[in-house]
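J.: Have a look at the structure that comes next, please.
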Amino acid sequence: MRLTITLTVIALTVWLLGDVLTVIFAATLFAVVLHGLSRILVKHLRLPYGWALGAVTLGLIAAVVLLVWGSGPAIVNEVSRLQDALRQQEAYVRSMLEGSETGQMILNYLPSSLGGHQGGSGGSLASLGSRIAGSMTGLVGSAFGVAGTIVVVLIAGLYFAMSPSVYANGALRLVPVAQRPRARALMLRAGHSLWAWVAGQSLDMLVVGVLSGVGLWFIGVPLALALGVLAGLCNFIPYIGAILGAVPALLLALSLGTRETIMVAALYSVIQFFEGNVLGPVIQRHAVQMPPAITILSQTLFGAILGFPGLIFASPLTAALLAIFDGLTPPLEDDERV
């Protein structure tokens, strides 16, 4: 009975305060990144933790400034060109669909919000991205907007990283005294799991982004830099992110011809095969092992509850929950395994 009441209270809290909890988790994830990088400097350079955190923070700020100053104009220009190119592709894709019976069937069944004929004729493929972006904005933060939410996440994450024991001990005080040692152990397990997930996924994103950009440049697809950066960033969301990152490249390749489209599709297929069967298992061996079915189902669940932010943070949140579950349940004996 107590367990049922506890789960019900947790479910209602997540449902009512989903946006706030998402911001708190994002800040915690950023704090884990700062804390993990700082611990590396403490271990190898023998710096005090405060100095190490300051060095990491200044290093990240310097990296962002250098990126914006050195490559920012080029990236902004390529993204702008990418948007223009995708808008130009709308008429081509629509005419291609309307030119065949199968394409007309697809348009007849698609809602107007996706550029189809269902529910009126007010929708278009070109405006789909802006509608999705508007939906994301409302979901991420209704009070401050996306930019304000990001600022809150960064500042809160920095404060979490500056005094992690203060906030951790404050949370532990909410736990009954008899359960505090176990809660502390579970909190540490979840933190280690989050750091391992971030480290592994960052390497995965870097490799996918570089391979995508170089491959698209070799094929001759325009805006290869922007598309490569987009592919790497989208890979923060396992599995689904690969599809999101491939769609703009495929749309641009359609304007170049059938050969280029097939080559781009083959490129992304090969990259994802390499990531899923070679790179991913190697990273998971040293990071967090998450079964693909659990990852996809968690994205569906948290996406349905929390919207697009839930989809973004579903994987690290699941990694932390799996670490907690692993700490709460005893391992199976050999004769108990299926």
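Counting from 1, position 296 in the sequence shown corresponds to residue 296 in UniProt numbering; the numbering is continuous, with no gaps.
Even glycine gets a Cβ: it sits at the ideal position worked out from N, Cα and C.
These numbers were taken from a predicted model, which means no experiment stands behind them.
Which residues in the same chain have their Cβ closer than 6 Å to the Cβ of Thr261, if we skip the five residues on either side of it in sequence?
T.: Start at 1 with the first residue of the sequence shown, and residue 261 comes out as number 261. Excluding residues within five positions, the ones whose Cβ falls inside 6 Å are Ala253, Leu254.
J.: Is any heavy atom of the ligand SAH found at a distance shorter than 8 Å from the C-beta of Gly303?
T.: By its list of ligands, the structure shown contains no ligand whatsoever, and the ligand SAH lies outside what it can speak to.
J.: Please state whether DSSP places Pro309 in a helix, a strand or coil.
T.: Translated into positions along the sequence shown, residue 309 becomes position 309. Reduced to three states, the DSSP call for Pro309 is helix.
J.: Put Asn77 into one of helix, strand or coil per three-state DSSP.
T.: The count along the sequence shown starts at 1 and reaches residue 77 at position 77. Helix.
J.: Could you name each continuous alpha helix (DSSP H) segment of 4 residues or more that falls completely within the segment 183-237, going from the start of the chain to the end?
T.: Whole alpha helix (DSSP H) segments, 4+ residues: 224-234.
J.: Measuring straight from C-alpha to C-alpha, what distance separates Val42 and Tyr49?
T.: Here residue 42 refers to the residue found at position 42 of the sequence shown. Here residue 49 refers to the residue found at position 49 of the sequence shown. One C-alpha to the other measures close to 6 Å.
J.: Looking only at its chain, what residues have a beta carbon closer than 7 Å to the beta carbon of Leu194, apart from the 5 residues adjacent to it on each side?
T.: Here residue 194 corresponds to residue number 194 of the sequence shown, with the count starting at 1. Leu29, Val32, Pro316, Ala319, Ala320, listed in sequence order.
J.: What residue range does the alpha helix (DSSP H) around Ser100 cover?
T.: Here residue 100 is taken as the residue at index 100 of the sequence shown, counted from 1. Careful: Ser100 lies outside any alpha helix (DSSP H) and carries neither H nor E.
J.: Comparing alpha-carbon positions, which option in Phe274, Ala266, Val214 lies nearest Ala226?
T.: Looking up residue 226 in the sequence shown gives position 226. Cα-wise, what sits closest to Ala226 is Val214.
J.: Would you decide whether Thr13 is buried or exposed? Buried here means 16 or more other CB atoms lie within 10 Å of its CB.
T.: Residue 13 sits at position 13 when you count from the first residue of the sequence shown. Result: exposed.
J.: Note down, in chain order, each residue of its chain lying with its Cβ closer than 6 Å to the Cβ of Tyr167, except the 5 sequence neighbours on either side.
T.: As a working mapping, residue 167 is identified with position 167 in the sequence shown. Answer for Tyr167: Phe160, listed in chain order.
J.: Who are the near neighbours of Ile296 in its chain, counting only those whose CB is closer than 7 Å to its CB and skipping five residues on each side?
T.: For the purposes of this step, residue 296 is taken as residue 296 along the sequence shown, with counting starting at 1. These residues qualify, in order along the chain: Tyr239.
J.: Quick check: the Cα distance between Gly310 and Pro292, rounded to an integer number of angstroms?
T.: Your numbering for residue 310 matches position 310 in the sequence shown. Your numbering for residue 292 matches position 292 in the sequence shown. Distance between the alpha carbons of Gly310 and Pro292: 17 Å.
J.: Per DSSP, what kind of secondary structure is Thr318 in: helix, strand or coil?
T.: Residue numbering aside, residue 318 sits at position 318 when the sequence shown is read from its first letter. In the structure shown, Thr318 sits in a helix (DSSP, three-state: H, G or I).
J.: Can you tell which of Ile24, Ala147, Leu211, Leu251 has its C-alpha closest to the C-alpha of Thr270?
T.: In the sequence shown, residue 270 corresponds to position 270, counting from 1. One detail in the question is off: residue 270 reads as Val in this sequence, not Thr. Closest by alpha carbon: Leu211.
J.: Ala323 by DSSP, collapsed to three states: which one?
T.: Here residue 323 corresponds to residue number 323 of the sequence shown, with the count starting at 1. Reduced to three states, the DSSP call for Ala323 is helix.
J.: Within a Cβ cutoff of 6 Å, which residues of the same chain sit near Gly232, ignoring the five residues on either side of it in sequence?
T.: Within the sequence shown, numbered from 1, the residue matching residue 232 stands at position 232. Closer than 6 Å at Cβ, skipping near neighbours: Met205, Val208, Gly209.
J.: Give the DSSP-derived three-state secondary structure of Ser163 in the structure shown.
T.: Counting from 1 along the sequence shown, the entry for residue 163 is found at position 163. Of the three classes helix, strand and coil, the one that applies to Ser163 here is coil, per DSSP.
J.: Is it buried or exposed, Asn235, if we count other Cβ atoms within 10 angstroms and call 16 or more buried?
T.: As a working note, residue 235 is residue 235 in the sequence shown. Its Cβ being crowded by 16 or more others within 10 Å, Asn235 is buried.
J.: Is it right to say Gly241 is buried, meaning 16 or more other beta carbons lie within 10 angstroms of its own, or is it exposed?
T.: On the sequence shown, position 241 is the one that residue 241 refers to. Gly241 is buried by the Cβ-count criterion.
J.: Under the three-state reduction of DSSP, which class applies to Gln289: helix, strand or coil?
T.: The count along the sequence shown starts at 1 and reaches residue 289 at position 289. The answer is coil: DSSP assigns Gln289 none of H, G, I, E or B.
J.: Is the segment 174-188 touching the segment 50-58 in the sense that three or more CB pairs, one from each, lie closer than 8 Å?
T.: Taking 8 Å as the limit for Cβ pairs, the verdict is that the segment 174-188 does not touch the segment 50-58.
J.: For Leu47 and Leu154, I'd like the C-alpha separation in whole angstroms.
T.: The residue given as residue 47 occupies position 47 in the sequence shown. The residue given as residue 154 occupies position 154 in the sequence shown. Answer to the nearest angstrom: the Cα atoms are 23 Å apart.
J.: Out of Trp197, Ile5, Val146, state which residue places its alpha-carbon closest to the alpha-carbon of Ala323.
T.: Counting from one through the sequence shown, the residue named residue 323 turns up at place 323. The residue with the shortest Cα to Cα distance from Ala323 is Trp197.
J.: According to DSSP, is Pro48 part of a helix, a strand, or is it coil?
T.: Your numbering for residue 48 matches position 48 in the sequence shown. It is coil, neither helix nor strand.
J.: Considering Cα atoms alone, identify which of Asp326, Leu203, Thr22, Ile294 is closest to Ala185.
T.: Numbered from its first residue, the sequence shown carries residue 185 at position 185. Comparing Cα positions, the closest option is Asp326.
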